[in-house]
Amino acid sequence: MMVIWLAAGYIFASEPKTFESGDTQSSLIELFTSEGCSSCPPAEKWLSALKSSSDLWKKAVPVAFHVDYWDHLGWRDHFAKPEFTSRQHRYAAAWGGDSVYTPGFVVNGKEWRDWFGRNGMPTTSTKVGVLRVSLGDGGKLTATFVPETTQPRALAFDVALLGNDLESDVKRGENSGRKLLHDFVVLSLADAPLNAGAAELHLASGPPKQSSSPREALAAWVTERGQLEPWNGQ
Numbered sequence: 088m089m090v091i092w093l094a095a096g097y098i099f100a101s102e103p104k105t106f107e108s109g110d111t112q113s114s115l116i117e118l119f120t121s122e123g124c125s126s127c128p129p130a131e132k133w134l135s136a137l138k139s140s141s142d143l144w145k146k147a148v149p150v151a152f153h154v155d156y157w158d159h160l161g162w163r164d165h166f167a168k169p170e171f172t173s174r175q176h177r178y179a180a181a182w183g184g185d186s187v188y189t190p191g192f193v194v195n196g197k198e199w200r201d202w203f204g205r206n207g208m209p210t211t212s213t214k215v216g217v218l219r220v221s222l223g224d225g226g227k228l229t230a231t232f233v234p235e236t237t238q239p240r241a242l243a244f245d246v247a248l249l250g251n252d253l254e255s256d257v258k259r260g261e262n263s264g265r266k267l268l269h270d271f272v273v274l275s276l277a278d279a280p281l282n283a284g285a286a287e288l289h290l291a292s293g294p295p296k297q298s299s300s301p302r303e304a305l306a307a308w309v310t311e312r313g314q315l316e317p318w319n320g321q
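Residue numbers (my numbering): 88 to 321.
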C-alpha cells in the first residue's frame, strides 16, 4: 500500500494554486532512462502514451529520472543528474543487487519488467489518506497530510517538478541523428519532513537551458523518512 498525490498544469503561473489528492493510492511509475541508450526510446514512448490515458494522475503517476552513467559514451544527457543515478543504485541495493540498467522501471518501489509485455501496471484501491499541497510565489510549497491510519510513522513529503513535450537533437552516441521526445522528465526533486502532518519547502522552477518552454507539472507523494518508495500506510 502507498499514497501518491499529484497536480498537473502550468504550475508556475502568477496566481497561487492548491491541489488535493483523493484518499485512494495510485501507482508511482519511475523510469530510469538516458539519451545515450538506444533501448530507452521505446520505454519513453510507452511512458508518454500515458498522457492520453484516463488513469493519468489518478491511478498512474509517471516520472522519468535521467541517469548520468551513459554520459561518457559519446553523448551527455542534459537532463541527467548524479543524484538520479544514486537513487537507482539505492533501489538496486534494497533489492539485493549491485548493478543498474536502462531502461529500468520501478513501480511503487519495486522493480517492474512487465512493460515489455505491455501488461497492465500494478494498481490497488486501498485508502491511505489525503495530501493537500499549495503552491505560492517563488515556488514555495506547503503541504498537509491526513493519513487513513491514526498513528503513522515518521513521514516525509516528496515533490518532483516535471517537464513535458521536451525535445533533444542527439548528435553523438547510440542515438546519434535522432530527435528524442521526452515527457514526465524530473527536472528537480526535493523533500521535507512532515511534522504534525505539515511540511514546507521551495522548489526550483524552470527547465534546463537546453529545453524549450515545456509544460510543467508537479508530482508529490509521501514516504517514510529515509526511504525511497511511497509510504505503505502501515
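Here a beta-carbon is modelled for each residue, glycine too, at the ideal position from N, C-alpha and C. These numbers were taken from a predicted model, which means no experiment stands behind them.
The Cβ-Cβ distance between Ala151 and Leu118 falls below 8 Å. Three or more Cβ pairs closer than 8 Å define a contact, and the region 126-134 falls short of that threshold against the region 160-175. Restricting attention to Thr120, Ala307, Ser108, the CA atom closest to the CA of His153 is found in Thr120. A straight line joining the alpha-carbon of Glu261 with that of Gly123 spans about 6 Å. Three or more Cβ pairs closer than 8 Å define a contact, and the region 276-288 meets that threshold against the region 225-234. Closest in C-alpha terms to Phe106, from the list Pro128, Val215, Trp157, Trp144, comes Trp144. Distance from Glu303 to Gly250 at the Cβ level is roughly 6 Å; contact confirmed, criterion being Cβ atoms closer than 8 Å. Excluding residues up to 5 positions away in sequence, Ser113, Ser114, Ile116, Leu137, Ser140, Met208 lie with their Cβ nearer than 7 Å to the Cβ of Ala147 in the same chain. In this structure Trp182 is exposed. Its beta-carbon is surrounded by fewer than 16 other beta-carbon atoms within 10 angstroms. In terms of Cα proximity to Pro280, the closest of Leu274, Ala243, Val273 is Ala243. Restricting attention to Glu170, Leu274, Ala179, the CA atom closest to the CA of Val187 is found in Ala179.
Pro103 sits exposed, since fewer than 16 C-beta atoms from the chains shown fall within 10 Å of its C-beta. For Phe171, the enclosing alpha helix (DSSP H) covers residues 169-181. Note on Gly216: 16 or more other CB atoms within 10 angstroms of its CB, so buried under the neighbour-count rule. Distance between Gly191 and Gly109, taken at the CA atoms: about 28 Å. Look at Ser141 here: in three-state DSSP terms it is coil, with no helix or strand label. Excluding residues up to 5 positions away in sequence, Val187 lie with their Cβ nearer than 7 Å to the Cβ of His176 in the same chain. A direct Cα-to-Cα measurement between Trp157 and Pro317 gives close to 27 Å.
If you ignore the 5 residues before and after Val194, its C-beta comes within less than 8 Å of the C-beta of Ser114, Leu115, Ile116, Glu117, Met208, Pro209, all in its own chain and listed in chain order.
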